[in-house]
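K.L.:
Before we start, here is the structure in question, set down as structure tokens.
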Amino acid sequence: MAIYSIRDLERLTGIKAHTIRIWEQRYRLIVPHRTDTNIRYYTDEELRLLFNVALLNRHGYKISKLAGMPHEKVAALVSEISENNNSQNAQIDALTLSMIDMDEVSFDRIFSSYVWENGFERTMLDLVYPFLDKLNILWLTNSVSPAHEKFIANLIRRKLMAAIDKEPVGHFEDTLTFVLYTPEGETQELTLLFMQYLLRTRRQKVVYLGANTSLSDLRDVSHTLKPAYIFTILQEPLPRQSIQSYVDNASKSINGSELLLTGAQLFINQVKLPENAKVLNGLPDTLQFLDSLHDEISYRVIGILQGNLLIVNTFCLLLRSRSIFPPFLQALYRRFFIFPDLFHVCDSLLQAVVLLRRIIDFCQPFFGHFRFACMHRHNAA
Numbered sequence: 004m005a006i007y008s009i010r011d012l013e014r015l016t017g018i019k020a021h022t023i024r025i026w027e028q029r030y031r032l033i034v035p036h037r038t039d040t041n042i043r044y045y046t047d048e049e050l051r052l053l054f055n056v057a058l059l060n061r062h063g064y065k066i067s068k069l070a071g072m073p074h075e076k077v078a079a080l081v082s083e084i085s086e087n088n089n090s091q092n093a094q095i096d097a098l099t100l101s102m103i104d105m106d107e108v109s110f111d112r113i114f115s116s117y118v119w120e121n122g123f124e125r126t127m128l129d130l131v132y133p134f135l136d137k138l139n140i141l142w143l144t145n146s147v148s149p150a151h152e153k154f155i156a157n158l159i160r161r162k163l164m165a166a167i168d169k170e171p172v173g174h175f176e177d178t179l180t181f182v183l184y185t186p187e188g189e190t191q192e193l194t195l196l197f198m199q200y201l202l203r204t205r206r207q208k209v210v211y212l213g214a215n216t217s218l219s220d221l222r223d224v225s226h227t228l229k230p231a232y233i234f235t236i237l238q239e240p241l242p243r244q245s246i247q248s249y250v251d252n253a254s255k256s257i258n259g260s261e262l263l264l265t266g267a268q269l270f271i272n273q274v275k276l277p278e279n280a281k282v283l284n285g286l287p288d289t290l291q292f293l294d295s296l297h298d299e300i301s302y303r304v305i306g307i308l309q310g311n312l313l314i315v316n317t318f319c320l321l322l323r324s325r326s327i328f329p330p331f332l333q334a335l336y337r338r339f340f341i342f343p344d345l346f347h348v349c350d351s352l353l354q355a356v357v358l359l360r361r362i363i364d365f366c367q368p369f370f371g372h373f374r375f376a377c378m379h380r381h382n383a384a
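Counting in this note's numbering, the sequence shown runs from 4 upward without gaps.
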């Protein structure tokens, strides 16, 4: 059984300690326990009730009415509101409560509902990361136990891995190779897994090395794959070396790749970046960087498709008198040459058209021989 002070309740629920005392004295909403030295403390039961009462109070229920309700009815009202209310604060509170109760069923219901409404990426950005920020504050103030943190981190980790496995692994043209790892002693695996998911959804090639990767292993991978980018996290102090020393050694080990760095240690310490290193300041900066790469690749694809359309246009002009669908091909060219941003939508169609041109070119000699044979038989008859 966990034990909480009134300050712990304040940090967890967001209700001021002064307000909690008023609710105790005026409404007998919760009754604190007392130690042998008359110091008040609270258990999971009081914390759970206070969470529920705070949520219902924000939705218009009066404290005087809630104080007279059975705890089971309060919990039922909270469950109903949580299912019908997708506001960020309500869902974060519900996640916090599922962590306190170690209730996997409740966590899965909240998470799956948010994914259904907003998609997995938005769920991570709008729900999970704000929740983890709150959890980090609670952890620093000793308001939650390591068991709570491990429980919820494992559930999120499983959700991330399941989402990653749903994304295709196959090789895509015009993609970049990313190597993801964390150094020895770094524990930020959830962020690294989310980065893998973001890259997979953007059709980039990802090599995931995971936690506790040494620089010698990084050197071997870089020599073999020659990736475009290597991403790592420096959130916690490194044992036996400075951050500056590690960044310098890592930049020398990656064989011409660009080193992408993120984490609190890069801002706590004054780090002079090597020429092949770049700092990504949190998730917004990381997403902006990934989207810029996606746009660059899209422009390359558009260029290729424009070249394909020129081939198609030439084909139409050459076969104007005997082509199968010259008006269609000419209209297609005119439409998408004016609106180049729509090129990627018709990639498959254009590739099919180019393939048709090649088939016709290949079969043209056979058509000529067949026509000659038919004419010869007609003349002989």
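Don't be surprised by glycine CBs; every beta carbon is placed ideally from N, CA and C.
1) Check the C-beta distance from T216 over to Y184 and give it rounded, since I have them as a contact under 8 Å.
2) With DSSP run on the structure shown, which of helix, strand or coil describes N258?
3) Helix, strand or coil for I6? Go by DSSP, reduced to three states.
4) Where do the ends of the beta strand (DSSP E) carrying P186 lie?
5) Name the one or two DSSP bridge partners that F234 has.
6) Secondary structure at L428, three-state DSSP: helix, strand or coil?
7) Please name the residue, chosen from Y44, L218, S295 and A267, that lies closest to Q191 on a Cα-to-Cα basis.
8) Nearest-angstrom Cα distance between G71 and M105?
9) Using the C-alpha atoms, what's the distance from I42 back to E120?
10) Going by C-alpha to C-alpha distance, which of I95, R29 and L100 sits closest to S67?
11) Span of the alpha helix (DSSP H) holding V385?
12) Closer than 8 Å by C-beta to T178: which residues in its own chain qualify, once you throw out the five before and the five after it? Chain order, please.
13) Can you tell me where the beta strand (DSSP E) holding V282 begins and where it ends?
14) Helix, strand or coil for H36 per DSSP?
15) One question on the structure: do L263 and P277 come within less than 9 Å of each other, judged by their Cβ atoms?
16) When you compare the CB positions of L201 and I236, do they come within less than 9 Å of one another, or not?
17) Let me know the secondary structure DSSP gives R112 once reduced to three states.
18) Please name the residue, chosen from V108, A79, A156 and H62, that lies closest to V131 on a Cα-to-Cα basis.
19) Taking the alpha helix (DSSP H) that V274 belongs to, which residues open and close that run?
20) So, L158 versus F114, is the Cβ gap smaller than 9 Å?
21) For L212 and G63, I'd like the C-alpha separation in whole angstroms.
22) Of all the options N252, Q199 and V147, which has the alpha carbon lying nearest to the alpha carbon of E13?
23) Name the residue from K229, I271 and E27 whose alpha carbon lies nearest to the alpha carbon of Q238.
24) Quick one: measure Cβ to Cβ for V81 and N55, integer angstroms, because I've assumed they're closer than 8 Å.
25) Taking its Cβ as the centre, do 16 or more other Cβ atoms sit within 10 Å of E49, making it buried, or is it exposed?
26) Residue range of the alpha helix (DSSP H) that K19 falls in?
27) So the alpha helix (DSSP H) D104 belongs to, where does it begin and stop?
28) Just to confirm, are L269 and I233 a CB contact at a threshold of 9 Å?
29) If you follow the alpha helix (DSSP H) that I66 is in, where does it begin and where does it stop?
30) If you compare alpha carbons, which of S254, L98 and A78 is closest to V282?
P.N.:
Well, looking at it:
1) 4 Å
2) coil
3) coil
4) T180 to P186
5) L183 and L263
6) The chain is shown only over 4 to 384; residue 428 falls outside these bounds and no answer can be derived.
7) A267
8) 27 Å
9) 45 Å
10) R29
11) The structure shown does not extend to residue 385, since the chain is modelled only from 4 to 384, so the question has no answer here.
12) R206, Q207, K208 and I300
13) A280 to V282
14) strand
15) no
16) no
17) helix
18) A156
19) That residue, V274, is in no alpha helix (DSSP H); it is neither H nor E in DSSP.
20) yes
21) 50 Å
22) V147
23) I271
24) 5 Å
25) buried
26) Run containing K19: none; DSSP gives neither H nor E here.
27) Q91 to D104
28) no
29) I66 to A70
30) S254
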